[in-house]
Structures are given as C-alpha cells and as structure tokens.
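Residue numbers (our numbering), protein chains in the order written: chain A, 27 to 71; chain B, 12 to 345.
Ideal Cβ placement from N, Cα and C applies to all residues, glycine included.
Given the structure is predicted, the values throughout are model-derived calculations rather than measurements.
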C-alpha cells in the first residue's frame, strides 16, 4: 500500500512537471526588423 | 449557362455559394445539406439563383462542377461516386484522410479527363497558391513551411482540436516523418493584425499536396497556431462548445531555395476570416474548372492546378489579399 502511494505521488509530480513544461515558454524570437506589405506583383494580369 | 452544386452549406459552403452567385456567368447554384433547416435558411438568404436539392437524392446532379463542402471524412466516397459520372470536383476538406483518398483518385480522374481539386480552402488551398507563387522566384526550392492561425465554423474548430491531438505529417529528406501533434513549438509571425503566434505540429494535409506539387523538395512542414489550453486539452474531448464562427485568421508560407548561386527565403501570407477566404478560393477554383482554366486533369492541390499570378489577382478582386514579409534579415524571419 505504501509502495502504491509512493508510485502515485511520483506519477502526480511527473505529470505536474510535464504539464508546466508543456504550457510555459515561447517558440522563438520575433523578427527584429521588416514587416508585412501587400503583395503587388499579382497586379500585372 | 453554368450550374454548380455545393454539397454542404456550413460556414464555408454558404460562403462558396454566395461567392458563386456573385460571379458572372454562373446562373444557378444547387445546394445540398443533411440539415434541412440550415439548407432552407441559406437558400433563402442567397435569393433566386439558389436551388435546393433535398434528401433523398434520386436524380444525379445535372451541373458542371461539384464543390464538396460537407463534413471532413465524407469527401472521398462522395467524390468517387461523382467521378464515376465524369464530374469535375472541388473539395474544401483539410482532413488528412480525405486529402490522401482524393489524391488517390488521380489516375481515374486523368482517365476520365476531369480535374479533382483537393484541399481548396485557406490552408491548404490559398497556402498552396502562395507556395507556388513564391517557388516561381527560385531556380530550385528546398523547403516549404506552412503555418495557419484561426478557424472557420464549428466543424473547422473541431478539426483543429482533433488535429492537435493526432500525429503530424511532415516531409523530410525524401521520407514521411510523423511526430506527436502539439509538439515542435515555433513562433510564427503572421500578417497584421494577427502578429506573432506560437504554432505546433498537427495532423495537417499540406505536406501531402506540396510534396506532389514540388518534386525534389527536401522539407515540407505545416503547423497550426494554438493556445496553451488548446494544446493541453488536445487529447481530451472538446470541453467547450465550438463558436458559430471564429475571428480573423491568417496563413504564412515560407519557401527556401536557391536562386543563382545564393540561397534565399521568401515569406508570403494572407489574413482573412478562414471561412470567407476558403469560400472565395473554392468558388474561384470552381469557376476556373468550368472555364477549363485548371492546368491539368487528375487530382491535385492548387499549387499544381492553377497559375498563381492570375489566381491571386482574381482573389484580390474578391477581397482576399496576399502579403509578403519584407525583412532586412529574411533568413531569420521564422
């Protein structure tokens, strides 16, 4: 019983850490220069 | 006298029908949907040019092109039946199984001399046209990376949820690579006002269409923008009812390749409500199919089937505008 309780606690901690790692952080750095402009090379036709 | 059928009048199908009826030369749009009330409401809103075809469907469709805008997962069987009648088809499905099944109809479609336009929405669809347009600037392309943000109607929101919880499908060095959906976080910069969004791998069909369109490409990936909550709950049933229609969405297509002796990158994008953009893209593709303007018969995505410049110009006239990312350091734009 004690072993089962320990296993469940360990699983709970692992799941919590996994969830925190999954939702935190960002995927990179946004571009520091430039920007979006309307595409104009389709106007010729 | 041109007649087009739209099967399914949800958020996208209704937009397709509306776009078609505002197109010169299209005299009638035949509508089918399992939900009779919705079908009648859409037909009423469209006016005289719309005709309802109610279940049970005893007579074959007497139209020039059929647009499949029904639920994801139903397109292949319907397309097979229509193809047997020699009917050109435009499918808006972004389901991996649908796209794979429709592409498998290529030989039969070629034999019958008709086109099956696959993945004709915002992404895939407009994203494929942008990829083809960007690819024309290169001597050889090596990589195509597609990202999308936002959803159309409720069916699109459910597909987004399922895609995040399933295995992704990317092309890498001549082979398919499957990785867990929701992994591979990458910050993607979409056209304004969407801006920067974290995007993740998901079960998206873009690579299936783009690898066929660009033989020799070494990497094709696709990602979808998602919130932390989306990502955490992706493998659970949807916890909240989906909205009638999502807000503004966007796509971003990055093409890397060789031009002369140097390597370069081009980033194109577009911003619009996904269902509106999908409706415009599908309606224009159907119109081109009736005019015989699709590049070839058989099944394929828009990167193969349409000339990008005139297609984008006509989309622009319909209010769907593409954009290019101009960066001082374009190679660091991702």
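Proximity test, Cβ basis, 9 Å: residue i and chain A
i, result
"residue 93 of chain B", "no"
"residue 4 of chain B", "Nothing in the structure corresponds to residue 4 of chain B, since chain B is present only between 12 and 345."
"residue 314 of chain B", "no"
"residue 225 of chain B", "no"
"residue 270 of chain B", "no"
"residue 280 of chain B", "yes"
"residue 320 of chain B", "yes"
"residue 349 of chain B", "Any question about residue 349 of chain B goes unanswered here, given that chain B covers just 12 to 345."
"residue 175 of chain B", "no"
"residue 323 of chain B", "yes"
"residue 341 of chain B", "The predicted position of residue 341 of chain B is uncertain, since its pLDDT is 46 and thus under 50; a value taken from the coordinates is nonetheless stated next. For residue 341 of chain B, the answer is yes, since a Cβ of chain A falls inside 9 Å of its Cβ."
Selection from the options that minimises the alpha carbon distance to residue i
i, options, result
"residue 193 of chain B", "B:202, B:211 and B:99", "B:211"
"residue 263 of chain B", "B:173, B:251 and B:282", "B:282"
"residue 65 of chain B", "B:51, B:57, B:58 and B:76", "B:51"
"residue 60 of chain B", "B:32, B:72 and B:82", "B:32"
"residue 126 of chain B", "B:138, B:145 and B:94", "B:94"
"residue 311 of chain B", "B:47, B:129, B:48 and B:72", "B:129"
"residue 321 of chain B", "B:261, B:241, B:141 and B:231", "B:141"
"residue 150 of chain B", "B:266, B:174 and B:120", "B:266"
"residue 148 of chain B", "B:49, B:230 and B:270", "B:270"
"residue 284 of chain B", "B:168, B:233, B:317 and B:222", "B:168"
"residue 157 of chain B", "B:116, B:177, B:191 and B:219", "B:219"
"residue 34 of chain B", "B:329, B:105 and B:101", "B:329"
"residue 257 of chain B", "B:163, B:48 and B:46", "B:163"
"residue 197 of chain B", "B:233, B:188 and B:102", "B:233"
"residue 96 of chain B", "B:124, B:47, B:111 and B:133", "B:124"
"residue 238 of chain B", "B:298, B:172 and B:110", "B:172"
"residue 24 of chain B", "B:80, B:177 and B:118", "B:80"
"residue 273 of chain B", "B:333, B:185 and B:153", "B:153"
"residue 55 of chain A", "B:332, B:231, B:199 and B:101", "B:199"
"residue 337 of chain B", "B:131, B:46 and B:201", "B:201"
Listed by chain order, chain B residues near residue i by CB distance under 8 Å
i, result
"residue 47 of chain A", "In chain order: nothing, as chain B lies at least about 11 Å away."
CA-to-CA distance, residue j to residue i, given in whole angstroms
i, j, result
"residue 343 of chain B", "residue 195 of chain B", "Residue placement at residue 343 of chain B cannot be trusted, given a pLDDT of 46 that sits under 50; what the coordinates show is reported in the next sentence. Near 18 Å, if we compare the C-alpha coordinates of residue 195 of chain B and residue 343 of chain B."
"residue 208 of chain B", "residue 278 of chain B", "16 Å"
"residue 122 of chain B", "residue 308 of chain B", "9 Å"
"residue 31 of chain A", "residue 165 of chain B", "43 Å"
"residue 216 of chain B", "residue 224 of chain B", "13 Å"
"residue 175 of chain B", "residue 246 of chain B", "8 Å"
"residue 301 of chain B", "residue 76 of chain B", "7 Å"
"residue 67 of chain B", "residue 19 of chain B", "15 Å"
"residue 82 of chain B", "residue 56 of chain B", "22 Å"
"residue 16 of chain B", "residue 214 of chain B", "29 Å"
"residue 40 of chain B", "residue 60 of chain A", "44 Å"
"residue 89 of chain B", "residue 113 of chain B", "10 Å"
"residue 98 of chain B", "residue 46 of chain A", "52 Å"
"residue 205 of chain B", "residue 221 of chain B", "25 Å"
"residue 244 of chain B", "residue 44 of chain A", "14 Å"
"residue 304 of chain B", "residue 106 of chain B", "26 Å"
"residue 91 of chain B", "residue 116 of chain B", "8 Å"
"residue 190 of chain B", "residue 179 of chain B", "5 Å"
"residue 12 of chain B", "residue 74 of chain B", "10 Å"
"residue 235 of chain B", "residue 261 of chain B", "10 Å"
"residue 145 of chain B", "residue 155 of chain B", "10 Å"
Chain B residues whose Cβ lies nearer than 9 Å to that of residue i
i, result
"residue 37 of chain A", "Result: empty, since nearest Cβ-Cβ is about 17 Å, beyond 9 Å."
Per-residue contacts from residue i into chain A (C-beta, under 9 Å)
i, result
"residue 203 of chain B", "61 and 62"
"residue 336 of chain B", "57, 60, 61, 62 and 63"
Bridge partner(s) assigned by DSSP for residue i
i, result
"residue 201 of chain B", "B:206"
"residue 191 of chain B", "B:178"
"residue 268 of chain B", "B:152 and B:275"
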